[in-house]
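Note sheet for the following structure.
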Amino acid sequence: MDNLIKGDKHYWEMVIGLEVHAQVKSNSKLFSSSSTKFGSSPNSQVSLVDAAMPGMLPVINKYCVEQAVKTGIGLNAKINNYSVFDRKNYFYADLPQGYQISQYKYPIVGEGKVTIDFKDGTSKDIRIVRLHLEQDAGKSLHDQNPSKTYVDLNRSGVALMEIVSEPDIRTPEEAGMYISKIRSILMYLDTCDGNMQEGSLRADVNISVRKPGEEYGTRCEIKNLNSIKFIKQAINYEAKRQIEILESGGTIEQNTMLFNTATGKTRPMRNKEEAHDYRYFPDPDLLPLKIPEDDIKLIQSSIPELPDDLKNKFIETFKLSNYDASVLTAEKQTSDYFNDAINSDPDLKNFPKIIVNWITSELFSLLNKNNLDLKNSPVSAKNLGQLVKLITSNEISGKIGKDVLEEMFTSRKSAREIVNEKGLKQVTDQGEIEKVIEKVISENSKMVQEYLGGKDKLLGFFVGQAMKETKGKANPKILNDILKSKLIKKN
Amino acid sequence: MKIDKNTINKIARLSRIKIEDKESEDYIKDLNSILDWVEQLNEVNTDKVEPLSNISSSILPKREDVSKDVNSSDEILENAPDKLEGFFAVPKVVE
Amino acid sequence: MISKSIKKTLQSLEQKDISIRELNQEYIKKIKEKSNLNIFIHFEEQKILDQVTELEKDNSNKRLKGIPLAIKDLFCTKNMPTTAASKILENFNPTYESFVTQKLLDDGAIFVGKTNLDEFAMGSATDTSYFGNTINPLSADDTPLAPGGSSGGSAAAVAANLCLGATGTDTGGSIRQPASFCGVVGIKPTYGLCSRWGIAAFASSLDQAGVFTHNVEDASILLESSAGFDKRDSTSANVKIPNYFENLNDDISGKTIGIPKEYSIDGTPEEVSQIWEDAIKVLEKKGVKIKNISLPHTKYALPTYYIIAPAEASSNLARYDGVKYGYRSKEINSLDEMYENTRGQGFGKEVKRRILIGTYVLSAGYYDAYYLKAQKVRKLIANDFNEAFKECDLIVTPTAPSAAFPLHQEQDDPIKMYLNDVFTVPASLAGLPGISIPYGKDKNNLPLGIQILGKHFDEQQVLNGALSLERSNG
Ligand SMILES: [Mg+2]
Ligand SMILES: [Zn+2]
């Protein structure tokens, strides 16, 4: 099994569960009217409620509740008609109330599942335990002053959806795919902006290792990871750390770990709390949250097409592979782009796979190199469609197509413009190609003899020479056919 | 005795309240007598009784998602015992 | 000579028998004379005069225009510091005005000062205050008496006639019991009638604001001004506030009054039982039907309360950590040290005791046995009242098991102190409205009180019943 990793003595299996914190895309905070805008000056978006002034009380944001319900539906999960806000009590500088309002016993959303798709065409369900609404904490800055920690409460009270998975994940790659899929669903639903750099989406990773078939081991929780790369790195490092301990006869201490992005290592939080005891109890400032079935139905009816539905549609309509379809639907902008490209010309309907390849390998690698994303791609979907059309109708070769795409990328011109301007149109005229081939044959008579003597590989050489003569524009099929017939004639 | 020295230290720590050694005897005595006294609730049969968190029978009121930037950071920091550069300041935390 | 009635004072002001300035100057004089009672945590003459000046410029009609009121120092006020009688809120100046006090200001009331209380409203004698205890104005010179608590300062302010009314808060009896001890009227309305917004929280599911006055009529006037729906408090009741004063009526004949047998408790002083019986007889004479009722879980109300209230308090008081406002200890080499020293030094003994017990009953392994159990018993207590009120319109009991006791008498034994609330706590757990009116005296000639409880949001009947009893009380 390739899910196993090898220690010095045994093979081990990772057991991973994720707690994803997704910021609800809302104008105001979960229990106060302060703005949620990112990047404002410190303590400028803090209400009396957020700063926990004496006598201040929470009032829930209706929109945030709806977004949680919407997300629950998107995660194929059960929406609970009755849920309760609890206080999670602990002290920290950026937790002004001395408690976080969260949901403990009765979350707003119950069990669900998310499907991840592998390259080999298989897929796997990761079960969701729950989704609950809670307040974000403020921000502590430890490096601004040699003797003090600074506290900024702008984030304090922002609405988060905590999405908790079962420990169904077995590899760092699966963890990455899982969080990408969650992100994808959130963004299709428009309930979270998915911006991991700004912390709108972050994850706590629970990880343990075991020998295959054995019980779960003791787990550690790595806190607050805000990129897929770090999640994978942290899991790899932490799994190895645990395996080393276990193989040398030690035991794992259940710990909360921090991941150092500079060193790629995890370490236990230095400020280790003796046993945590959060003393959850129902927040007496709030009443239970009751969501009538009719409200759920109303929200259900507003749910857009989700990645899995779209994926299945693509598989059915365009006969794409499961993997291709999942890559295409991972982000809404990609599926939109594909749709726009394929609909830009009626003939393109016959070449979906070719369009997918041009998008996901050629265009994506250019975008990547230039640190751009599809949203601000210099090549529009319509222009990419045109490029594919030129290739599939044999007006240019695929090889030239790549050059044209690069040119499109820098000049923002259309494919046809570039082909016309540079005279890149494929040569399909038999006579013209014949002339070139004759020239090549006559200039390389020695090679011709060798070829005829059995050195078959030399055919490629002649193709290359002929292509060079036509500046790559000769239609490769015609060129090949003529070349072969000429060489036989010679015999 | 439900509360011993260890327990009182544990809950004082959870409450972030420093208790001097000479006070802790008092607290141990008081808390134990209160706990013994409240124990009489065990006489009451509460099988199938729903816990009551709030007497209000109305439904949770909800606000519209409108952001109002009403408080300046000056106002929020006005009563802070220590503030620097627009932040609340506390002793340095080593994570 | 100034009347002790808000209604009559408003008439005098209207008829220009006295000006707002003269009236308030008179009260300033009284407050200064009684400074030895330690009733006010904050009193500043100039601030009162400034309010007078503002009102003099104001030509609009306001229903409490110029009436001097005292405010329990648990209500956040913009123009005066707010301490909750705790060192931990030393020098705290709210930038906001509580809902209740704002309503009173909007009606033209003048705040003469912030009154003393038990620290964070935790106590029954106003002796846990960081600012020292308040002395009951009815004390003889040689034996200072407790004014009750926690709103002892407010009750004493009214009793000493240092204002025409005062605000209080009642979590387990903190309005009704001091009203009884000081011989004034105190009403705690239904949970949710007055917004809690801007009142430093003690136990959120129980806290309720209310008022003290010299008489029932005034209580109806002040309650009407204080009550109302507030979007900023999720537990605030969205009900229309009746015109209590207009609808006040002392004729309650035909109503049924319930007398709960469980409120006859062994060890209750003879005088307390006597005034209770007297009150029942008087009401009966007025054409009221008397019905013996049972509230079977009464006995468990106090222990239930002393689990739930500290549990909520332990969490509500977590915000006092020395970061955002208030006191911060000087010995702070780490964040944890800052917390522990700030809270260790900033809170008084009773507050710490309750935070500790509250933390314990919520902690892992004990939640079900204590907190959850108490919530279930609370449900049974609430059910008792629901059943009882199917058979009666009002319930009449004594307010407290004794008259005012000497200061510091019961400080050492918390449970003995908690027993003061034995008659008031059950209604608090059930969220019911209750009033205490002075009724009779004990053998030392100290006032006793009768408590009248009503159905949820039936403050009108509670006030009517109280008026009826008040008018029959010589
Ligand atoms: Mg976590
Ligand atoms: Zn969380």
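Going line by line, the protein sequences match chains Z, A and W. Taking numbering that gives the first Met the number 0, the leading residue of the first sequence gets 0, the next gets one more, and so forth. Taking numbering that gives the first Met the number 0, the leading residue of the second sequence gets 0, the next gets one more, and so forth. Taking numbering that gives the first Met the number 0, the leading residue of the third sequence gets 0, the next gets one more, and so forth. Just so you know, even glycine gets a beta-carbon here, dropped at the ideal spot from N, CA and C.
Straight through space, the alpha carbons of Pro136 of chain W and Asp277 of chain W are spaced by roughly 26 Å. Against Ser33 of chain Z, the close residues of chain A are Ser66, Lys67, Asp68, Val69 and Asn70, in the order they occur along the chain (beta-carbon pairs closer than 9 Å). In the three-state DSSP reduction, Ser313 of chain W falls in the helix class (H, G or I). The alpha carbon of Lys231 of chain Z has as its nearest neighbour, out of Z:Gly16, Z:Leu457, Z:Ser33 and Z:Tyr81, the alpha carbon of Z:Gly16. By the Cβ neighbour-count rule, Ser25 of chain Z is buried, with 16 or more other Cβ atoms within 10 Å of its own. Within chain Z, the C-beta atoms nearer than 9 Å to that of Ile198 of chain W come from Pro53 and Gly54, in chain order. Any Cβ of chain W closer than 8 Å to the Cβ of Gly97 of chain Z would place that residue at the interface, and such an atom is present. Among the residues of the region 14 to 32 of chain A, those with a Cβ less than 7 Å away from any Cβ of chain Z are Arg15, in the order of the chain. Counting only runs of at least 3 residues, the region 225 to 280 of chain W fully encloses the following beta strand (DSSP E) elements, listed from N- to C-terminal order: 255 to 259.
If the five residues before and after Ala124 of chain W are omitted, its C-beta is found closer than 6 Å to the C-beta atoms of Ala145 and Gly148, all from its own chain and listed in chain order.
DSSP, read as helix, strand or coil, puts Arg318 of chain W in helix.
Straight through space, the alpha carbons of Tyr98 of chain Z and Arg86 of chain Z are spaced by roughly 6 Å. Taking every residue with its beta carbon within less than 6 Å of a heavy atom belonging to ligand 2 gives, in chain order, Z:His20, Z:Glu133 and Z:Glu161.
Taking a C-beta cut-off of 7 Å against chain W, the contacting residues of the region 278 to 291 of chain Z are Arg278, Phe280, Pro283, Asp284, Leu285 and Leu286, listed in chain order.
For Met407 of chain Z, the enclosing alpha helix (DSSP H) starts and ends at Gly397 to Ser410.
Closest by C-alpha distance to Asp119 of chain Z, out of Z:Asp455, Z:Ala324, Z:Lys483 and Z:Gln332, is Z:Ala324.
Annotation: the continuous alpha helix (DSSP H) that includes Phe98 of chain W extends over Phe98 to Asp105.
In the DSSP annotation of this structure, Thr35 of chain Z is not part of any alpha helix (DSSP H), being labelled neither H nor E.
Setting aside the 5 residues that flank it on each side, Glu223 of chain W is surrounded in the same chain by Ile240, Asn242, Tyr243 and Phe244, each with a C-beta closer than 7 Å to its C-beta; the list follows chain order. In the displayed model, Ala69 of chain W falls within a strand according to three-state DSSP. By the CB criterion at 8 Å, Leu192 of chain W and Phe456 of chain W fall inside the cutoff. For Glu25 of chain W, same chain residues with a beta-carbon under 7 Å away, outside a window of 5 residues either side, are Ile1 in chain order. The CB of Ser203 of chain W comes closer than 7 Å to the CB of Pro283 and Asp284 in chain Z, given here in chain order.
Taking a C-beta distance under 8 Å as the contact criterion, Ile256 of chain W and Val395 of chain W qualify as a contact pair.
No Cβ-Cβ contact shorter than 8 Å links His296 of chain W with Ile414 of chain W.
For the set Z:Leu224, Z:Ser101, Z:Lys472 and Z:Gly156, the Cα lying nearest the Cα of Phe84 of chain Z is the one of Z:Ser101.
Arg470 of chain W is classed as exposed because its beta carbon has fewer than 16 other beta carbons within 10 Å across all chains shown. Taking 4 residues as the shortest admissible run, the region 371 to 442 of chain W contains the following complete alpha helix (DSSP H) segments, listed from N- to C-terminal end: 372 to 387, 413 to 417 and 424 to 429. Spatial neighbours of Ile109 of chain W in its own chain (CB-CB distance under 8 Å, excluding positions within 5 residues in sequence) are listed in chain order as Ile19, Asn23, Ile47, Gln50, Val51, Leu54, Gly65, Ile66, Pro67 and Leu68. The beta carbons of Val48 of chain A and Lys375 of chain W sit about 4 Å from each other, so the pair counts as a contact at 8 Å. By a beta-carbon distance limit of 8 Å, Ala159 of chain W contacts Lys33 of chain W. Their separation comes to about 5 Å.
Secondary structure note for Trp196 of chain W: it is in no beta strand (DSSP E), with a DSSP letter that is neither H nor E. Cβ-Cβ separation between Lys112 of chain Z and Ile125 of chain Z: approximately 7 Å, consistent with a contact (criterion under 8 Å). Straight across, the Cα-Cα distance linking Leu361 of chain W with Ile306 of chain W is about 9 Å.
In the DSSP assignment, Gly185 of chain W falls within the beta strand (DSSP E) that extends over Val184 to Lys187.
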